[in-house]
Structure formats: C-alpha cells, structure tokens
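Engineer: Sequential numbering of the sequence shown, starting at 940, is according to this note's numbering.
Where is the CB? At the ideal position from N, CA and C, for every residue including glycine.
Mind having a look at this structure? Questions to follow.
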Amino acid sequence: MSTRSGSSSLFDRAILRQAALDAAKKLDPRGLFRNPVMFVVAIGAVLVTVEFLRGVLAGVPGSEPAWYTANIALWLWFTVLFANFAEAVAEGRGKAQAAALRRMRTETVARRLTGGREESVPASELEKGDTVVVEAGQLIPGDGEIVEGIACVDESAITGESAPVIRESGGDRSSVTGGTKVLSDRIVVRIGASAGESFLDRMIALVEGAARQKTPNEIALHILLVGMTLIFLTACVTLVPLALYSGIRLSMTSVVSLLVCLIPTTIGGLLSAIGIAGMDRLLQKNVVAMSGRAVEAAGDVDTLLLDKTGTITLGNRLATELIPCGDVRVGDLADAAQLASLADETPEGRSIVVLVKDRYHLRARNIHEIAAHFVPFSAQTRMSGCDLDERKIRKGAVDAIAVWVKEAGGTVPDGFLETAGKIGDTGGTPLGVADGNRVLGIIHLKDVVKEGIAERFARFRMMGIRTVMITGDNPRTAQAIAREAGVDDFVAEATPESKLRIIRNEQAGGKLVAMTGDGSNDAPALAQADVGVAMNSGTQVAKEAGNMVDLDSNPTKLLEVVEVGKQLLMTRGVLTTFSIANDVAKYFAILPAVFVAAFPEIAPLDVMSLASPRSAILSAVIFNAIVIILLIPLSLRGVEYRPIGAAALLRRSLLLYGVGGVVAPFIGIKAVDLVLAAVGLV
C-alpha cells in the first residue's frame, strides 16, 4: 500500500464531507484566535448577528433593514467557514494518508532473543535495544538495525514501490522499518525505537499535521497581516465621525462590513491551507518532512551537497571496456578476465563477467566444474584471480600486476602504464590482467553517471542553486566525474569532518544548504544542513539526524524537494500579492459609492456606478467570501514553478496576480451588484 493513497485527486468526496463538518468545529474561538484576520471576521459576524437580532426583536428605530443585516451576517459567517473549509480540506488529505498508514499497522508477534533463547512477545512490548529474529514471510516488528544476516525485504507498505530491496548487517543498508516484510533468508534486528515511537507512528503524526509548527516566514506574514488589520481597523473607526460630519449614517453593520472587506481576508483565510498543502505535496512524492520549516527552507536553498556514489553515479564502478596489450588477442584477455572474476562477488567483479558475456559472447563457466583454485583479493597483494592447471591468472591494481609479472620473469609491455594513466585521468579505474609472466591487458572500470543527471543540474543552475559533488575519490577522478555530470563544484577525498565544515562555511556566508545522505557518517552533516534529506534505506542515525526522509531512497529527488519548497513560497507570495492588491482595489471600489452622495466632487472616482451604498457594501462582502472559495484549489495545488530566475518570477507574479488582484474586485463586485439589483434586493 502506498502512502499516496487518499491523495489521488485534489478533492475527494469523503474528504469534502468531513471538511465541511470540521469547518464548523473550527468556529471554536480558541482555534480562531490563532488566525488574527479570521478572528476579527468572526467577531464582526457575531456583532452583525447581534445587530440583526436586536433589530428584529426590539425593533430599534432607524436601524438597518433586516434583510440587509441578515445578508451581511450570513456572508460574514460564510467567509469564516470558507476559510476554515480550506484549512480542513488540506488537513483532511493528510488525515486520509494517516488512515491508510494506520491500516498497515497490525499487531505483530515478535521473536525476541533473551539470553540466547527465543520468546514470542507482542511487538508492542518491544523496547529499544531488544533483538528479534525475523525469517522469510514474517513482518519486521519494529524499526531497527540488522545486526546479523542478509535478507530480501518488501518495503512497498511504506514506500509504495513493489520491487524488493536487499538489507544486510553492517554498512549503510542495515536499517529496516517496522511493518515491512522479509521475503527471504533470516535476519536478527536490534530494535531502535520503543512502541509508539516507530517511523510509522511518526509519519502518522506528521501527516495529520499534529506536529506542524509555523515557519519563520509564516510568522512574519502573520505579523504583517495583524499590522494591516490594525491599520484598517483604525481607518474604519475614523470613518464613523467623518460620515456623521458629512450627514451620512454608517451603522455598525456597514462599518464591520467595510473592515472585513478591507483587511487581508483572502491570504488570512488561505495561509494555513497553503502550508499544510505544501507538506502534503511533498508526501505525495514519498518524502516525509519533519516540519513545515524544512519544506520552506527547501524553497530558499542556495547550495546543494550531493554524494557522488549512488546520487550522481549508479553506485558501483562497472566494467565498460577491455584493452589488450601488444599482440594479445582481445578474446584471450576476455577469457582470462572472466576466469579471474568468476569467484569475485563484488559489483565490479560481476560486471566484468557480464561484460565478457554480452560483448565477447563467453558463457560463464561453472566454478565447481573447472576445478580452479581461486585467490581472493587482499589489501597486501591488491590482486585476486585463480590458478587453473599450470596457469596463474591475476587481476588487480596496475602497479601490482606489473610487479607480479616482473617477479615471474616477464616484462611489462610498452604503453601498459601509459594507458592506465589515461584511464585514471578520465576518472576511470584501470585493472591490469596477467597470465603468469605475461601482461594481457587492462579492464576499464568506470563510475557510470546516471542518465539525465546533467539536465537536472542544469535546472538547479537555472534556479540559482549551486551544486557541489562530495566524494572520497582522488581529485583527478573527482574532477572527471564532476565535469561529465555538470556540477558546479566538487570536493574530493571528503571526510565527515570536511562535509560538516563545508556546510558551516556556506551557512556562515548567509546561504541555506541542502544535503542528502544515508550513512551514520553523514549524520553530523545532515543535522547541520538546513535541509537534510535522509534515505529510508540508510541507517537509523541518519534518519534521525535529517529533517526529511525519502521513502524511495532516491538521492536525486532533492530536485523535486526544492521545487516543492519553491512552489510553497511562490504560492504564499502570489496569494499575498493578490490579497493586498484586492484590498486596495476594494477600498477604491466601495468608498466612493458610499460617500459620493455627501461629496459629489468625488463622483469621477465612482467608476463602478453601483446601485446604492448598501449594494456596494453587500456586493463587496459577497465577493470577499466567494474569492476565498475560488482560490482554494490554487492554495492546495500550488502555483506551477518554472526555473526562470527570481526577477522574472517577480515580474510574472506582479503582472498576473498583482494586476489581477486589482482588476478582479471591480469586475466581481459589479457582477454581484447587477445580480442583487436584478433580484430586487437593492
């Protein structure tokens, strides 16, 4: 089951039904108080409702007509409910995801090891540090690290991917997640989290939004909205004596309506929905953000640090070419390379066997039938191979092969070392092959750069983001890979300390840094980075250090993470632009209609020619509520991001949403006014 369930469509009927109920529940003043703009609207709705009841029950002379106050009160309540509805829909999509995750969580019986003996206990009783045995066909009872064995694991319950993965003790592929299923073999797992603290539990809490906190930009925007609300509150209060002086009676209903129309209700009503929807969009890409702050930081990233192995390259060096020496036939070199690699279980050794079979059509021999003595690789000799009859075949480091041949009484052919040097200059690794005292040739091993990675880095560059490749390779090899991949810079012979130092230096220059990692040695850098994306296949330490977890363990997904972050910031920015422009336009659309009777000289400003002052106010209140509904899909889906540069994006936003925000109220309010006049309300 994928974590994407429940998010296949923008509006799901079940989510909408629940959101409608939740919108009413959110009328609780304790919840509304967290949103100052909508809190003011709610207070205004209460005041107008009281005014309506007072007029109906007490019949106060000179009060506004009941139909007018009733309509104003109704639309003010709708404005609050529509804002609550937007937030509830965003939260509902997260709750649907959480429900799907919760259905995956079943009570599992664990085989706990105690004193060398197994005992069956419920998974909920496991504590951090317990060790459990899991065999083929069984569910892993909790998050942890494999301390013994290797197994094929089905992680589709967490990642949504059907292809099983290999997990083994030691290294960076030892982490397992509770609820996933072992398909083969037997492993011993040390539990890393107590019941209720598992990765699945944290995901459920996160997608439900329980752990979401406002980001610094959201807080700053809230301060701006509060400031604008206070300014317009002051302006509306001062309109009362001005109206009395001019002989115009502004009722409390009209003053409240003007205030609601002029304060930034649009962005105030959609702000929470935008933030929640940003985290939801990231989750749809199978990336779990530990906080809204992390998603927002992704949108402001200046520098990306990427490990070479597994991120930029496929992860293992592969044999790509056989280069014979002198008059040696390539078939003889292929035969010797195959024999020397039959017992080599490393990815490089297997790639040599595959290359020889595919390109030179040599079928793999059965290692038991040929009765060869295989020589394993050792750090001392830096060679491996096999002894077959009288033949002693070796492959390994070029200088080690040269020494081997000379000690056997042979000579190193001209060009052997020179060819090896050229391969090293291009970022490859040369392996020499010898048969006894005769050098046969070179196997070219190469880090294969992932297809399309250069185009991805070009898109980062268009965003203004600097990419830095980090590798433990020597500078010459690192430079060749960096050139082929198209990164902006590289750091060779990197250590955990150097990664941390790079991040701190970038941050000291005022830049935000993102990094991917999967190993325990990446944990310090992941914790220091502004956006630390840990691979789900990595160690528990790495996942706890980062502020995002990629469930698909695809390091190149950083591009999508950054785009979602930028999309979040852009959505908030364009809707803020639209909202402020909207408020300014409504100011000039409504006030001339209200005061033109008292001040005929402002008639040229009354471009709307609305039916009456009451119609102007009621039309503005109705438009104010409807525009929130119309913008809910945009706030949930987000503005489409295009890597066209900050200046171009600003111009585009100002033209589309700034000008649109100015024009829309004039069109919308006039349209509502015509409808009200047509039905005889004004």
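What's the C-alpha gap between ALA1447 and ILE1332?
Structural biologist: If you take the alpha carbons of ALA1447 and ILE1332, they lie about 55 Å apart.
Engineer: What does the alpha-carbon distance come out to for the pair ARG1125 and ASP1283?
Structural biologist: The alpha-carbon atoms of ARG1125 and ASP1283 are separated by roughly 24 Å.
Engineer: How big is the Cα-Cα spacing for SER1476 and CYS1264?
Structural biologist: Straight-line Cα distance between these residues: approximately 43 Å.
Engineer: Thinking C-alpha only, which one of THR1116, LEU1272, GLY1335 is nearest LEU1078?
Structural biologist: Measuring from the Cα of LEU1078, the nearest candidate turns out to be THR1116.
Engineer: Would you mind giving the Cβ-Cβ distance between SER1114 and GLU1084, rounded to the nearest angstrom? I have them listed as a contact below 8 Å.
Structural biologist: Rounded, the Cβ-Cβ distance is 6 Å, consistent with contact.
Engineer: Give a yes or no on whether the C-beta atoms belonging to VAL1240 and ALA1453 are separated by under 7 Å.
Structural biologist: Yes, the Cβ-Cβ distance between VAL1240 and ALA1453 is below 7 Å.
Engineer: Within the continuous alpha helix (DSSP H) that includes SER1647, where are the two ends?
Structural biologist: Coverage of the chain is limited to positions 940 through 1621, which leaves residue 1647 absent and any answer about it impossible.
Engineer: Look up ALA1617 in the DSSP assignment and say whether it is helix, strand or coil.
Structural biologist: The answer is helix: DSSP assigns ALA1617 an H, G or I state.
Engineer: Considering Cα atoms alone, identify which of GLY1449, GLY1597, GLU1329, ALA1373 is closest to ALA1311.
Structural biologist: The residue with the shortest Cα to Cα distance from ALA1311 is GLU1329.
Engineer: Ignore the nearest five residues each way along the sequence and tell me which others in ARG1151's own chain have a CB closer than 6 Å to its CB.
Structural biologist: Low local confidence applies: a pLDDT of 49 at ARG1151 is under 50, so the model's placement there is unreliable, with the coordinate-based value given in what follows. Cβ within range, chain order: GLY1231.
Engineer: For the alpha helix (DSSP H) containing LEU1178, list its first residue and its last residue.
Structural biologist: Its alpha helix (DSSP H) spans residues 1155-1184.
Engineer: Would you say the stretch 1515-1526 touches the stretch 1200-1209, given that touching needs at least three Cβ pairs under 8 Å?
Structural biologist: Verdict: yes, contact present.
Engineer: Cutting at 8 Å between CB atoms, please list the residues of its own chain near LEU1593, excluding the five before and the five after it.
Structural biologist: Cβ within range, chain order: THR1516.
Engineer: Out of LYS1438, VAL1194, GLY1504, which has the shortest C-alpha to C-alpha gap to VAL1176?
Structural biologist: Answer by Cα proximity: VAL1194.
Engineer: Measuring CB atoms only, is the stretch 982-998 touching the stretch 1012-1032, in the sense that at least three cross pairs come out at less than 8 Å?
Structural biologist: Yes: the two stretches touch, three or more of their Cβ pairs being nearer than 8 Å.
Engineer: Got a sec, what are the start and stop residues for the alpha helix (DSSP H) SER1193 sits in?
Structural biologist: From DSSP, the alpha helix (DSSP H) with SER1193 extends over 1191-1201.
Engineer: Return the chain-ordered list of same chain residues with a C-beta closer than 7 Å to the C-beta of VAL1104, the five sequence neighbours on each side being excluded.
Structural biologist: Result list for VAL1104: VAL1092, GLU1094, SER1476, in chain order.
Engineer: The beta strand (DSSP E) with ILE1362 in it runs from where to where?
Structural biologist: Counting along the chain, ILE1362 falls outside any beta strand (DSSP E), though it belongs to the alpha helix (DSSP H) covering 1355-1364.
Engineer: Take LEU1442 and list the residues in its own chain whose beta-carbon comes closer than 8 Å to its own, dropping the five residues that flank it on each side.
Structural biologist: It should be pointed out that residue 1442 corresponds to Ile in this sequence rather than to Leu. These residues qualify, in order along the chain: LEU1244, VAL1452, MET1454, ALA1464, GLN1467, ALA1468.
Engineer: So for ARG952, helix, strand or coil by DSSP?
Structural biologist: Note: ARG952 maps to helix in three-state DSSP.
Engineer: On the premise that VAL1472 lies in contact with GLY1485, defined as a C-beta separation below 8 Å, what is that separation, rounded to the nearest angstrom?
Structural biologist: Sure, about 6 Å apart at Cβ, within 8 Å.
Engineer: Does the structure place the stretch 1370-1388 close enough to the stretch 1261-1276 that three or more beta carbon pairs sit under 8 Å?
Structural biologist: Flag = yes, the stretch 1261-1276 and the stretch 1370-1388 touch.
Engineer: Grab me the residues of VAL1179's own chain with a C-beta within less than 7 Å of its C-beta, minus the 5 sequence neighbours each way, in chain order.
Structural biologist: If we look at VAL1179 and ignore the five residues flanking it on each side, its Cβ neighbours are LEU1189, VAL1194.
Engineer: Can we say the stretch 1596-1609 touches the stretch 1550-1570, given the rule of at least three CB pairs closer than 8 Å?
Structural biologist: Contact holds: three or more Cβ-Cβ distances are below 8 Å.
Engineer: Roughly how many angstroms lie between the CA atoms of GLY1270 and ASP1338, to the nearest whole one?
Structural biologist: Cα to Cα, the separation comes out at about 23 Å.
Engineer: Within 10 Å of its beta-carbon, does ARG1256 have 16 or more other beta-carbons around it, so buried, or fewer, so exposed?
Structural biologist: Answer is buried; the Cβ neighbour count reaches 16.
Engineer: Quick check on the burial criterion: 16 or more other C-beta atoms within 10 angstroms. Buried or exposed for GLN1506?
Structural biologist: With 16 or more other Cβ atoms within 10 Å, it is buried.
Engineer: Beta-carbon within less than 6 Å of ARG952's beta-carbon, same chain only, minus the 5 sequence neighbours each way: which residues are those?
Structural biologist: No residues qualify anywhere along the chain.
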